[in-house]
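The structure under discussion appears below in the form of C-alpha cells.
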Amino acid sequence: MAGLVREHPHETRSVAGSTVIAKESRLKGELAGTAGVRIEGQVEGNVTVDGPVEVAEGAKVQGEIKGRTVKVAGEVVGNVHALQLVELLASGSVKGDLFTPSLHVVEGAHLEGQVHMESRPQPPASQPPRAKS
Numbered sequence: 183m184a185g186l187v188r189e190h191p192h193e194t195r196s197v198a199g200s201t202v203i204a205k206e207s208r209l210k211g212e213l214a215g216t217a218g219v220r221i222e223g224q225v226e227g228n229v230t231v232d233g234p235v236e237v238a239e240g241a242k243v244q245g246e247i248k249g250r251t252v253k254v255a256g257e258v259v260g261n262v263h264a265l266q267l268v269e270l271l272a273s274g275s276v277k278g279d280l281f282t283p284s285l286h287v288v289e290g291a292h293l294e295g296q297v298h299m300e301s302r303p304q305p306p307a308s309q310p311p312r313a314k315s
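Each residue of the sequence shown is one higher than the last, beginning at 183 in this note's numbering.
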C-alpha cells in the first residue's frame, strides 16, 4: 500500500467489518473504504469511508475526515464531515470545521472551528402524475 508507514507488524486489523489502526501504528496517506474505521494510533492524511469513523482517546488524525458518523475522543486537526452525526466526547479535540446534520458535544470537548449544520438528505418527493393536455 503506497504511503503506508509500518511501525508495528500488526498496525491494522479488521474487527466486525471495520478497520482498526492500532495504538502503536502510524499511517501516512489516504485511507478510503466502504466499511468503518477505528483509529487508535496516528493518521497523517484524509480518511474517507462510507461507514462510521471513531478517533479513540489518545489517537491523532491530521487531515480531513468523512464518514457516516464520526466520534472523536482523540485529536483531529482538519475538517470533519458526517452524513448523520458528529460526536465530540469529553477527551475529544477538533481544530477544524464540522459539517453535519446532527451534533452531540459532551462537556469538556474542545472545538476550534465553525459548525455547519447541514440538512439531512431527503428522499425525493413523489410527484403526482401530470394531466395530459
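Think of the CB as a built atom: it goes at the ideal place given N, C-alpha and C, for glycine as much as any other residue.
Per DSSP, reduced to three states, the secondary structure at lysine 277 is strand.
When C-alpha distances from threonine 230 are compared across Gly223, Glu222 and Val243, the shortest belongs to Val243. Taken atom to atom, the span from the alpha-carbon of glycine 295 to that of isoleucine 247 is near 14 Å. Annotated as proximal: glycine 274 and glutamate 257, with beta-carbon spacing under 9 Å.
In this structure, valine 219 places its C-beta atom within 9 Å of the C-beta atom of glutamate 236. Cβ neighbours of glutamine 224 within its own chain (closer than 6 Å, five residues either side excluded): Arg208 and Lys242. Excluding residues up to 5 positions away in sequence, Val276 lie with their Cβ nearer than 6 Å to the Cβ of leucine 293 in the same chain.
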